[in-house]
Amino acid sequence: MGLLDKILGEFVRVIEEWRDRGLIKGEDLGNPQKTNLHSYLQYAMIRAGEIADLFPLLECKIRYAIVLDPREYGLLKKSRKRHSKKVDIAFFKEKS
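Be aware that the sequence shown starts at 2, since it is given in this note's numbering, and climbs by one per residue.
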């Protein structure tokens, strides 16, 4: 089982457990703005990463190895170059 499969499997397990307990309802999935669904999903990803022996960080800024120019990708009206991207959750693995 690969790392991604392990994370995904654990994520699904956590979400299903919360659905069984009534923390997340079916209608929550269709209307996430009225619930804390985003927070629940973030926490489930954090737990999944921890179980896969990864170190999760919230709201992490990831720097690109090279600066991206949007015009090179067909976004002609965008002139500001991109140096980084902020992500909800980043996972790091300790070197062994």
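Note that CB positions come from ideal geometry on N, CA and C, so glycine has one too.
Ordered along the chain, which non-local residues of its own chain (more than five positions away) have a Cβ less than 7 angstroms from that of lysine 7? Position 6 of the sequence shown, counted from the first residue, corresponds to residue 7. Within the same chain, lysine 7 has close Cβ partners Ala53.
Is it buried or exposed for glycine 165, if we count other Cβ within 10 angstroms and need 16 for buried? Any property of residue 165 remains undetermined from this structure, which presents the chain solely from 2 to 97.
To the nearest angstrom, report how far apart arginine 81 and glutamate 60 are at their CA atoms. Position 80 of the sequence shown, counted from the first residue, corresponds to residue 81. Position 59 of the sequence shown, counted from the first residue, corresponds to residue 60. Approximately 22 angstroms between the Cα atoms of the pair.
Here's a check: name, in chain order, each residue in its chain whose Cβ is nearer than 8 angstroms to the Cβ of glutamine 43, leaving out the five neighbours to either side. Mapped onto the sequence shown, residue 43 falls at position 42. Result list for glutamine 43: Leu59, Asp89, Ile90, in chain order.
Taking all protein chains shown into account, decide if leucine 55 is buried (16 or more other Cβ within 10 angstroms of its Cβ) or exposed. Within the sequence shown, the letter at position 54 stands for residue 55. Per the 10 Å Cβ criterion, buried.
Roughly how many whole angstroms lie between the Cα atoms of glutamate 18 and glycine 75? Stepping through the sequence shown from its first residue, residue 18 is reached at position 17. Stepping through the sequence shown from its first residue, residue 75 is reached at position 74. Rounded to the nearest angstrom, the two C-alpha atoms are 44 angstroms apart.
In whole angstroms, give me the CA-to-CA distance for lysine 62 and lysine 86. The residue labelled residue 62 in the question sits at position 61 within the sequence shown. The residue labelled residue 86 in the question sits at position 85 within the sequence shown. Lysine 62 and lysine 86: Cα-Cα distance of roughly 6 angstroms.
Less than 8 angstroms between the CB atoms is what I'm expecting for phenylalanine 93 and alanine 45, so what's the real figure, rounded? Counted from its first residue, the sequence shown places residue 93 at position 92. Counted from its first residue, the sequence shown places residue 45 at position 44. Between alanine 45 and phenylalanine 93 the Cβ distance is about 18 angstroms, and since that is not below 8 angstroms, they are no contact.
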